[in-house]
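In our numbering, the protein residues as written are 236 to 749.
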């Protein structure tokens, strides 16, 4: 086998590892185990690779090797090494041993991996009774010991192979997860579109308040790397309400080498955790907190669509004033997330892109009031309509809303990209050409026949601030005019030809005696 690893080989091997669970445990449960084992195997391979390199150079001085290993990105206790777990795989207690290894890794890397594994237990009854659980985990350890999953840096060359494998798994789990997919995954082409439009620069900070697995956030960072020669002079911030998904984001960041990040665990609406602490605050618990929401250059999100029970009970007295433009409906939280994001944009450089269902464009009542105020404050820059069946778990079309704190004009650009896509059996996709057209149209900020329209404030007001895209972008195609005289002439000609053929056929049949 060629020692140079190939992305396809890694992807196939990690996906094959899922066979260990299929038919016994549901995908929304076993995804956490497979992704965590991939993470553990990667840490072990990197650690062992570096250790072996140092041993070649300084074999007779173990103290020096130990000292050199302290400069690694992480610390791996010997008991937590994949090899240690693999060697003991035939013994009882695989689940307990793996859990202890994960806790040891947490304790040794508190700054980077605190609490990451607290919601993931390999010793859980979800995997069945003790004997079944032990057998499943033995098979899993054997799956990850395959040569294709030797992930040593000396073999793979860079982190991208592992990061890509992680993204591959997350995408495939999303495809299998139905409605649950929205909890942790945004299709890569939609993430790419949002990152391109946000165009993050060196030195800037980006935030995703509903960050899922962190993929959308990292796309913004990669935009900086692509533009500035691999520079990592930027910072990523996020918050995620589901514990196991938050852990995914932390591991995903680590595997992609994104060390300059801060991902918090908690409900963004009820308990936002990305705050700026007032420097005047003291330890006196009687003094009221003057903390405020942290502001960012770039804010991106794909929040859950029309979330019920989003937190209206606490929103009425929100200490950050996020809902001063109005309270979103009790059973539809779309504008709760939008208003939160608006409040976290920096005053001058702040811009944001948010995925939302089309209902946010035209629904009335309190949402209509909020929409009108955002438009009158000249914050809304563009509305981009996307094709249907792009998102896992829902076939409905969505849109991307672009807001900006400092706009160059007072107009709103509407782009109808809903009819241009690559059709798939279960999911539609946007290819590079589709994305390029959307981005180019957004940047030119001009009307394009049957594709885009730059609407004035007066036009928006005339439409009662209804942002339904067909009100502005006319995609109606006139049917070609039918020439009835020509159609009648063609019909008579065909009838004559048919009569002649029938006569000829009758002649043949007579000759044959029929």
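For each residue, glycine too, the CB sits at the ideal point set by N, CA and C.
- In the displayed model, residue 657 falls within a strand according to three-state DSSP.
- Counting C-beta pairs with one atom in each stretch, the region 601 to 608 and the region 633 to 642 have fewer than three that are closer than 8 Å, which means they do not touch.
- With contacts defined by Cβ atoms closer than 9 Å, residue 621 and residue 690 do not form a contacting pair.
- Remark: C-beta atoms of residue 534 and residue 590 do not approach each other more closely than 9 Å.
- When rounded, the separation of the alpha-carbon atoms in residue 307 and residue 386 is 16 Å.
- Under the 10 Å beta carbon count, residue 326 is surrounded by fewer than 16 other beta carbons and is classified as exposed.
- DSSP places residue 281 in the helix class (H, G or I) of the three-state scheme.
- Here the C-alpha atom of residue 286 lies approximately 12 Å from the C-alpha atom of residue 389.
- Here the region 480 to 488 makes contact with the region 439 to 459; the two share three or more CB pairs at distances below 8 Å.
- Under the DSSP assignment, residue 321 falls in the alpha helix (DSSP H) whose first and last residues are 317 to 322.
- Excluding five sequence positions before and after residue 333, the CB atoms of its chain that fall closer than 7 Å to its own CB belong to 320, 357, 372, given in chain order.
- For residue 474, the number of other beta carbons within 10 angstroms of its own is at least 16, and it is reported as buried.
- Cβ neighbours of residue 669 within its own chain (closer than 6 Å, five residues either side excluded): 655.
- The DSSP-derived three-state label of residue 446 is coil.
- Note on the region 638 to 687: whole alpha helix (DSSP H) runs with a minimum of 4 residues are 667 to 679, in chain order.
- Look at residue 493 here: in three-state DSSP terms it is coil, with no helix or strand label.
- In the DSSP assignment, residue 440 is bridged to 470.
- In this structure, residue 563 lies away from residue 577, with their beta-carbon atoms at least 9 Å apart.
- No Cβ-Cβ contact shorter than 9 Å links residue 248 with residue 256.
- A contact between stretches requires three or more CB pairs, one per stretch, nearer than 8 Å, and the region 674 to 692 fails this requirement with the region 569 to 585.
- Taking every protein chain shown into account, the CB of residue 566 has fewer than 16 other CB atoms within 10 angstroms, so this residue is exposed.
- Here DSSP, grouped into helix, strand and coil, assigns residue 615 to strand.
- Taking the C-beta atoms as reference points, residue 467 is found nearer than 9 Å to residue 495.
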